[in-house]
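Here the numbering used here = 1-based position in the sequence shown + 534. Beneath this line is the structure, given in C-alpha cells, with notes to follow.
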Amino acid sequence: AGFAALLVASSTFAAVELLAGDRDVRPVAAAVAGGVFGAAAAVALAMGDALWPRFAAVGDLAELDRLR
535 AGFAALLVAS
545 STFAAVELLA
555 GDRDVRPVAA
565 AVAGGVFGAA
575 AAVALAMGDA
585 LWPRFAAVGD
595 LAELDRLR
C-alpha cells in the first residue's frame, strides 16, 4: 500500500512538471505530490484497518485447523 501511494505521488510530481513546461514549478509539484501521497496513504491505512479483522479471523481459523 505504501509503495502504491509513493508511485501515485511520484507520477503526480512528474505530471505537474510536464504540464508546466519550461517554468520551474518543482516546489508546487512537490506540494501537490505530497498532498496526493498523504491522501493515498490515508486511504491505504483506512482500507487496512477495515480489512485487518477479516485477515486476522482467517488466520485464527487456519491456526485452529492446524491444532486439531
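We treat Cβ as the ideally placed atom computed from N, Cα and C, and that holds for glycine. Given the structure is predicted, the values throughout are model-derived calculations rather than measurements.
DSSP, read as helix, strand or coil, puts V559 in coil.
V566 and M581 have their C-alpha atoms some 23 Å from each other. Residue environment analysis places A563 among the buried positions, since at least 16 neighbouring C-beta atoms fall within 10 angstroms of its C-beta. Shown here for V559: same chain residues with a beta carbon closer than 8 Å to its own, the five before and five after excluded, namely V550 and E551 in chain order. In terms of Cα proximity to A543, the closest of G555, A578 and A574 is A574.
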